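Under UniProt numbering, the first residue of the sequence shown carries the number 1, and numbering increases by one thereafter.
Just below is one structure, and these are the notes that go with it.
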Amino acid sequence: MSIVKNMVQRAWCLVLFILLNNVSFCLNLTFPETPGDVIYGYYSRSVSLRWGYVNGSLKTVSFTSTNGIIAEGQFSNNVFTPNVKAVYQGRVTLTFVEDEKAVVLEMNDLKYEDEGTIDCTVLRTDLQRFLGSSMLKVITPQNISITPLSNEASEFSPFTIKCIVQSRPVSNITWFKAANQIEADSGEYNISDVITTGDISTIESTLSVLESRESDTSQYRCVATTPDGRNLEATSDLVIQYKPVNTTLTFKLKSLFSSNTTFEGDDVTITCHATAFPPPMYAIYNSTSLIARSRDGVVNLTVSNHHDDVYRCEPSNSVGAGPVVYRRLDVYAHPEVISSSPQNQQAAVGSQSELFCQVRADPEATVEWIFPQVDVIGKGFSLIETLLSNENGLVTKTSTLRIHVLTLNDTGEYVCLVNNTHAQDNRTFSLQVQYGPNIVSFPTDPYGTVEGAQNVRFECVVHSNPVSTIDWFINEKLYNQSSPHLYDVSNETTINSQTNDAVVRSNFHVKNVRKEDIARYTCQATNNVIGRGEMINNQSAMLIISHKPYFLSNPPPLLAVRNGTQAVLNCSVQGFPSPLAWWSSNITLDEERVTNTTVVEEATGKTIVTTVLTISDLREEDFGLFTCHGVEGNETVQIQTVLKVAYVPKMENFKSTLDIEEGKMRYLECAAIGYPPPQIKWFFAHDQINFVEITDKAVATSRLHDGYSSHVTSVLDYGDKNISRVDTGSYNCQVSNSEASLDNFLNVTVQFAPELSMSGVEEVKMNDPNTFQCIVESNPQSDVKWFKNDEEISAFPKTVPINNLTLVRKDETFKIQSAQPDDMAVYKCEAINEVLGVERKVVQSIDFKVRYAPIITATPLEQGVAAKTKLVLSCAAHAYPAIEEYRWRYNGNAIQDFNQEEYVIQSVDEQSEGIYQCQPMNAEGLGGRIVHNITVIVKPVFTTFPTCVHHEQQDLLQCHFEGSGIPDPTHHWRVFGQNDVIANQSALNISLSKDTEGNYSCVLSNSHATIEEVLNIEDFIPRNSEWSTWSSCNVNCGEGERNRTRKCLIKNCLPGLLEKENCNISCPTTGAIKADWHKDWYIAFWVAIPLLAILLIICFVWCGKKRRSEKKAVFVPINRDLAPAPQTGKENGIHTEPVRKMSTQREIYLPDRVPMSALNNGYIPDQHEPKEIPDKYETDSIEVEMHFQEEIPEAQSPPPRPALDPVDAVVEVENEAYDDESEADVSFPASTFNHLNSNLNNDSFMSLYDTGGGPPKPPRKQDSSFMGGQSDTASLF
């Protein structure tokens, strides 16, 4: 009907143009206001569509969709009357808004079938129309779901998340990882969508990963977006299970006030931590055993020395074991004296005594002894250290102080002082030296007195330890205090509480001196000394009763005179009756240097004797004790003076240079002689300029007096470590007294063998730098050499890198810029020198390792393998540390429970084909991946045998076949019997013609075999075409009929090429809207025009026929049987093959390029170069003459007939016999027939010509009929 309306509208515009010369009525106007190109409405809800127009009175309003008219409206007397079609009653409202110049269509309870284009047509009373359309989309709210909502997956395993969204129309799905959008082509994730269409479309979007990683742990969001901009989302939480990584092992002291150093007794927390999911189990070991296994990885210890150890942590979870971490816990111990000799000791003078203290400490402590008399160190004392044990750095040793010969000065307190870098301890000892009685004071012998004296006292002062008892003897007879009226004895005792030394003062008094008292008085002291028994000492004096002389002038007790001068000693004695005076000395003097002069002066009652001793040219040996004696009768007096000769000190056996070996000498000694006794100081300088007094070393000084000089020896004690390299330098033994100060320089060179300290990281990761440093200390300087695996590196040029190594001589440093696997070796540093002429050599080495992930050495295989053979796939690689795991995969899936370098398939079959991947792994991680692409060679077979599909409109055969094999076979087509390939694929399109008929070969080929199948294309051409669509009803109102047709494509077609059926068109009733009231007039008008044209053409053709022998054009059925194929040939560029026979067995030749009519089943002659080739035969008493466009010689074979539709040949029927001299038939251009056919539709044709349901029949002689064809063909009459 829409076609008819358009025809009517065009006719009306034509009339208006002719009558009014105005085409504006034929133009469609545009709505100034529209709902929009696309309108979205929700299912079961409402949507409103509004169209606005410009000024003018409206006549009709119409809304239509793809399903037909929705609603119409008509204006009558300015009253708008809407009319909603029955199917939309109750759901659709049509409203006219006059004030706003708009019409509104409101649709309620939307359904899916409402979707489509909605057209709005508004016709004004001036017959101008507004046309507009909008696309209505019916939307269903989204329903989204995601699975799984949460998931846990192992690292390197695949995982999949599915998001299903139901909506209309199809939603757009976007994936997010946390807040970041996942791009479909990122390569990290695979996103695939499967859409199922329907009233409600379902899209199933799958997010998948082949090998998951720790970083994939996140929340994933599926966001669905509809075209109207709404979003709906669902989330899935994914947790990747992975084995522990980033292992750490820490030690922490619990005390808030402790330092970072750990001591015995401290509380220490050992913590192991690693990152993993699920949370790992921690196993903590020391060097010998497991100490804890827990989830928190915490161990609390109160440490002692046995906890000083290397600890390791091994984390693991259900996925696997993590990296192992080692760490050492150093436990130190404060210095402590754990045992010692008794702190209070007693020993006899002259005996040997030992004091010891046993100490323990970590690090090792130094032991110092503090003595009361530091001047005698080195002469009578020894220090001995004995190492008892060294357990994990906890050193236990004994330090012994040995006193070889005890003297009285050795009494006192001794302190054992223990120090290390952390603290100190001490132990104090009290030593008491016991000795026998020592009478330090007693009257001189003889002891004189004056007769009649009131009291004579003998005082005996005794020092001893322990305290002594005093006994008195008179003429060797023990006095027992039996005569108290004559004698009296008193004792006074004083004891030193610290040293236990005792002083006893015993006084023996002689009362009222008598001649009888003249005797020898003896004081005897007795005590018991430990280890010595009873000790006795005595002293006696003769008591002489006379006039006691006395000195008038006393010489000085000490006379010091310089060397080379003279000394004068003067002594005067007074006595009675005749005193004597003289000098005596304990040394022998040269007589020529000594002058002794005595002068006697007598007076009443007294005599004075002066004696003068003069010593000239004093010498060092004149040192001595000089005594002046005075005697009167039996009484003697004396006075002493000490003569000392002062002289400049002199060195004894002193050397200016000294070469020694380190650790072989403990002391440096400096000896001098002189008076006053010289003082010795030690100074040291490294540079022989800036000397500093030595105060940190023990200095022992001994003095020896030989009667006239003081021999002083100073010993610089370096302790138990002896003299070391730091002591190399210049020493100044400075000797001084009151006479002079002398500097004595000693240059000490301490030679020592090389001490080598080689440092460098023993293990590094690949591509990391590393530096080996060899620090050598020696004297004299050492020659340093580097070796790599016992090969001297210095033999190579320094400027050329050796295995990525750069030799740097400066500072003896060896650098590896970027560690590689071939850099692993034993690197040695060798130092050589000579110590006191003896060669010394020291070597240290580091076994250097480069940690790197496995590097594949195997060769990947990518080849075909014959079935039933053995296949060995290698995953050989080198690595450090050793490879722990080989991860094999087959077609992306892990091969379970297999951890070997070679994967062996004993017998290859089809299941063995695929991609084998292997990744070795060690503690450094995964190495490279080797991929073996294995194909199994299998003979090709057809999986889909060759078949063809005929496409009628294009007159085309589409042929296809499929095959399989390993490797995949190639697919190609050949014309059967020929070697040339016409298609290198499984599909072949064949345009049907006489050149393309016949047999074709489809070929499958691979490296194993080649197979082929042959097909004949005629087996696939259908007999009948499909039915055409039904034609329009042949009436506009009331009952009528319509028909449809089909074609016969090859022989033996099914009967019936035409079908008819009744149709009924309702007629408009009174009062109904007749918007197309002039429809019948339009149809009549447009149908009349082509009928007039046809009549004119028939008349023209008929007149032409009359003028040319009264010939008619009829259709004659042709025998469908194919003629036998004669020998084909080609001449003058024309193919000559027979195609079919006429009913009279006479051949008909048609050119190749002439298409067949799709409707009348006839051939169309070529119109370009008309040629007539008459041929005549009789059929049913009708003489038939055929006219052809091209002349074909009889010698040539007729052209082959393509397997086309059955046809009716177009012939001209003549009333009379064929006349050879008659004119040729008139030929019409093909455009004429195309024009006619384009104006004839099926309705007009079928109403004029009906074959009665069967194939078309030739008309009778008297009939004057015509046939219509399709627009792209021509008909001959």
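Where a beta carbon is used, it is the ideal one built from N, C-alpha and C, also for glycine.
Treat the numbers as computed from the prediction; the structure is a model and nothing was measured.
Taking DSSP as the reference, what is the three-state secondary structure of residue i?
| i | result |
| --- | --- |
| residue 1292 | In the structure as shown, the chain begins at 1 and stops at 1277. Residue 1292 is therefore absent and cannot be evaluated. |
| Tyr-675 | strand |
| His-686 | coil |
| Gln-911 | helix |
| Trp-1030 | coil |
| Phe-1020 | helix |
| Ser-464 | strand |
| Leu-1150 | Note on Leu-1150: pLDDT 34, under 50, position unreliable in the model; no value is reported. |
| Cys-1099 | helix |
| Pro-821 | helix |
| Arg-1046 | coil |
| Val-513 | coil |
| Glu-792 | strand |
| Glu-113 | helix |
| Ala-1088 | helix |
| His-306 | helix |
| Tyr-479 | coil |
| Asp-501 | coil |
| Val-87 | helix |
Just grab the DSSP bridge partners of residue i for me.
| i | result |
| --- | --- |
| Gln-958 | Val-949, Asn-989 |
| Gly-533 | Val-529 |
| Trp-583 | Cys-628 |
| Cys-523 | Trp-472, Gln-539 |
| Ser-316 | Met-281, Ala-321 |
| Val-331 | Thr-262 |
| Ala-292 | Ile-284 |
| residue 1285 | There is no way to answer for residue 1285, as the model of the chain reaches only from 1 to 1277. |
| His-273 | Thr-248 |
Decide if residue i is buried, meaning its Cβ has at least 16 other Cβ atoms within 10 Å, or exposed.
| i | result |
| --- | --- |
| Ile-846 | buried |
| Gly-1254 | Below a pLDDT of 50, predicted positions are generally treated as unreliable, and Gly-1254, at 43, falls in that range; the measurement from the model is reported next regardless. Exposed is the call here. |
| Asp-696 | exposed |
| Thr-226 | buried |
| Asn-922 | buried |
| Tyr-1092 | Residue identity check: residue 1092 is Leu in the sequence provided, not Tyr. Exposed. |
| Gln-481 | exposed |
| Leu-836 | exposed |
| Pro-1155 | Caution applies to Pro-1155, whose pLDDT of 38 falls short of 50 and renders its modelled position unreliable; the value that the coordinates give is listed next. So Pro-1155 counts as exposed. |
| Tyr-521 | buried |
| Leu-388 | exposed |
| Lys-477 | exposed |
| Tyr-823 | Residue 823 is actually Asp in this sequence, not Tyr. With 16 or more Cβ atoms within 10 Å of its Cβ, Asp-823 is classed as buried. |
| Arg-427 | buried |
Are the C-beta atoms of residue i and some chain D residue less than 9 Å apart?
| i | result |
| --- | --- |
| Gly-914 | Any reference to chain D falls outside this structure, which holds one protein chain only. |
Curious, which full-length beta strand (DSSP E) runs of at least 3 residues does the UniProt domain "Ig-like" (335 to 430) contain?
-> Runs found: 344 to 348, 353 to 362, 366 to 370, 381 to 391, 394 to 403, 412 to 419.
Taking the runs of the alpha helix (DSSP H) that are 4 residues or longer, which of them lie wholly in the UniProt domain "Ig-like" (141 to 239)?
-> Counting only runs of 4 or more, we get nothing.
Evaluate the contact criterion for the stretch 592 to 602 versus the stretch 709 to 729: three or more CB pairs, one atom per stretch, below 8 Å.
-> Contact fails: fewer than three Cβ-Cβ distances are below 8 Å.
Segment contact flag, the stretch 267 to 275 with the stretch 291 to 308, C-beta cutoff 8 Å, min 3 pairs | Yes, since at least three Cβ pairs between the stretch 267 to 275 and the stretch 291 to 308 fall closer than 8 Å, the two stretches touch.
Do the stretch 618 to 629 and the stretch 568 to 575 touch if we need at least three Cβ pairs shorter than 8 Å?
-> The stretch 618 to 629, when compared against the stretch 568 to 575, does touch it at the 8 Å Cβ threshold.
Cβ contact check for the stretch 630 to 647 and the stretch 727 to 734: 3 or more pairs under 8 Å = These segments do not touch.
Can we say the stretch 231 to 245 touches the stretch 215 to 223, given the rule of at least three CB pairs closer than 8 Å?
-> Counting C-beta pairs closer than 8 Å gives three or more between the stretch 231 to 245 and the stretch 215 to 223, which meets the contact rule.
Runs of beta strand (DSSP E) lying entirely within the stretch 35 to 74, each at least 3 residues, in chain order = Whole beta strand (DSSP E) segments, 3+ residues: 38 to 42, 47 to 52, 58 to 65.
Where are the beta strand (DSSP E) runs, 3 residues long or more, that stay fully inside the stretch 699 to 783, in chain order?
-> Fully contained in the stretch 699 to 783 are the following beta strand (DSSP E) runs of length 3 or more, in chain order: 710 to 717, 729 to 736, 741 to 759, 763 to 765, 770 to 779.
Pair every Cβ in the stretch 483 to 500 with every Cβ in the stretch 534 to 545, then say whether three or more of these pairs are closer than 8 Å.
-> No: fewer than three Cβ pairs fall under 8 Å.
Tell me, please, whether the stretch 193 to 202 touches the stretch 150 to 161 by the rule of three or more beta-carbon pairs shorter than 8 Å.
-> Touching, no, given that fewer than three Cβ pairs across the two stretches are closer than 8 Å.
Is the stretch 903 to 912 touching the stretch 853 to 872 in the sense that three or more CB pairs, one from each, lie closer than 8 Å?
-> At 8 Å Cβ cutoff, the stretches touch.
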